[in-house]
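Each number in the working numbering comes from the position in the sequence shown (counting from 1) with 42 added on. We treat Cβ as the ideally placed atom computed from N, Cα and C, and that holds for glycine. Written out below as structure tokens is the structure these notes cover.
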Amino acid sequence: MILRASSSSIAQLGLILICCICLGSLSSKGQEFNMTEEQFNSWLSNGREAPEERLDSQLQVEISLINLSCELEPEQKKKLKFAAERDIARFTDQVEQIRQEVVGQTFDQNEIGNIYQRIQPLNQIMQKGFFGPTSLFAKVLPRTLTAEQFEKIEQLRSDQRKRCYKAVLRLYIVGLEKSLPMTEAQRQKLLDVLFESTRPPSSFGQYDWYYAASQVSQIPQEKFEPLFDEKQLKIIQQARQQGVGYKDYVENQGIAPFEE
Numbered sequence: 043m044i045l046r047a048s049s050s051s052i053a054q055l056g057l058i059l060i061c062c063i064c065l066g067s068l069s070s071k072g073q074e075f076n077m078t079e080e081q082f083n084s085w086l087s088n089g090r091e092a093p094e095e096r097l098d099s100q101l102q103v104e105i106s107l108i109n110l111s112c113e114l115e116p117e118q119k120k121k122l123k124f125a126a127e128r129d130i131a132r133f134t135d136q137v138e139q140i141r142q143e144v145v146g147q148t149f150d151q152n153e154i155g156n157i158y159q160r161i162q163p164l165n166q167i168m169q170k171g172f173f174g175p176t177s178l179f180a181k182v183l184p185r186t187l188t189a190e191q192f193e194k195i196e197q198l199r200s201d202q203r204k205r206c207y208k209a210v211l212r213l214y215i216v217g218l219e220k221s222l223p224m225t226e227a228q229r230q231k232l233l234d235v236l237f238e239s240t241r242p243p244s245s246f247g248q249y250d251w252y253y254a255a256s257q258v259s260q261i262p263q264e265k266f267e268p269l270f271d272e273k274q275l276k277i278i279q280q281a282r283q284q285g286v287g288y289k290d291y292v293e294n295q296g297i298a299p300f301e302e
């Protein structure tokens with residue numbers, strides 16, 4: 043059986059579960075809760091590490107990938123690092139403002155929910171990939187590289203995006219097989235239909251499955267008809283209907299089909 047849930051109920055449930063889990067780790071007295079540095083970092087970056095450490099790691103990975111594909115000159119590395127450091131500085135200023143307000147303070151349950159809502163947009167920025175299209179780093183990149191270098195980077199990213207998306211779709215199919223057993227041939231043909239009929243997300247992360255489900259909901263039912271029998275097609279129809287409920291939820295997380 044395929045479970046259905048509205049986008050609003052998913053969002054509310056996610057907030058309730060995260061808040062409940064996090065509140066359980068806070069020290070409490072009566073109905074008051076103390077926001078620790080560890081808890082703040084957990085909400086911000088889904089881990090105990092400080093956001094500055096995580097962003098620095100992301101920067102090192104980004105520079106390394108670019109360097110491996112097109113061999114950066116020292117001056118190019120310097121320009122890219124400078125742009126990235128400005129991105130990080132602006133972000134950490136926002137983080138520090140909230141940190142100064144809440145860490146070490148006590149709050150009731152309603153106040154804690156409001157604080158989570160303030161931190162969540164910053165968490166989303168980190169999860170989507172900090173040096174994305176709107177970052178100074180991304181804007182400086184094409185002006186820093188040669189045309190040949192930039193073309194190599196774009197091709198590398200396109201290939202990576204496609205590989206990642208195929209992996210997401212394979213996981214979606216694995217989940218679908220709990221209700222819809224398939225042959226290997228059906229599995230491969232379904233993957234081909236999903237990949238050719240949809241686009242990768244603008245960013246990958248914890249919402250990948252929901253994005254895949256929402257994309258499947260937009261594929262016409264007739265595209266599945268050559269692949270499955272009547273009984274199987276009913277399950278596909280249920281899966282498509284389920285995915286409709288995730289479209290708004292995914293969009294509310296700032297995730298959309300990637301634009302080339």
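Classify residue i: buried if its beta carbon has 16 or more other beta carbons within 10 angstroms, exposed otherwise.
i    : result
V210 : buried
N83  : buried
V216 : exposed
T188 : exposed
V292 : buried
E302 : exposed
Q118 : buried
L55  : Note that L55 has pLDDT 43, beneath the 50 cutoff, so the model's placement of it is unreliable and the number below is only indicative. Its Cβ having fewer than 16 others within 10 Å, L55 is exposed.
Q102 : exposed
P116 : exposed
N294 : exposed
P93  : buried
Q81  : buried
Q191 : buried
Taking Cβ positions, are residue i and residue j nearer each other than 8 Å?
i    : j    : result
V137 : L86  : yes
E238 : V145 : no
L232 : A281 : no
F179 : F75  : no
I277 : S221 : yes
Q279 : Q151 : no
Opposite residue i in the DSSP bridges: which residues?
i    : result
N76  : T148
P184 : In the DSSP output, where bridge partners are listed per residue, P184 has none listed.
P243 : P299
Pick from the options: whose alpha carbon is nearest that of residue i?
i    : options                   : result
D129 : Q100, K231, Q142 and T240 : Q100
F133 : E91, K120, P163 and V144  : P163
V235 : L222, Y249, K208 and K170 : K208
T186 : P175, K265 and K123       : K123
E193 : A92, N88, R96 and I108    : I108
R160 : I140, A131, F149 and Q279 : I140
N156 : M77, Q274 and E91         : M77
P262 : Y252, L275 and W251       : L275
R203 : E127, Q151 and P242       : P242
E104 : S177, E153 and F149       : S177
G174 : E264, A125 and Y158       : A125
E127 : F172, T240 and P223       : F172
K289 : P184, E264, K265 and Q260 : Q260
Verify the CB distance criterion: does residue i have a CB-CB separation below 8 Å to chain C?
i    : result
S244 : Protein chain content of the structure displayed is limited to a single chain, and chain C is not contained in it.
Review point. Taking three-plus beta-carbon pairs below 8 Å as touching, is the stretch 251-266 in contact with the stretch 278-288?
Key: yes
Review point. Contact between the stretch 110-125 and the stretch 194-201: three or more CB pairs below 8 Å?
Key: yes
Review point. Is it a yes or a no for the stretch 261-271 touching the stretch 292-299, going by three-plus beta-carbon pairs under 8 Å?
Key: Short answer: they don't touch.
Point to revise | Sufficient close CB pairs (3 or more, under 8 Å) joining the stretch 160-179 to the stretch 243-252 | key: yes
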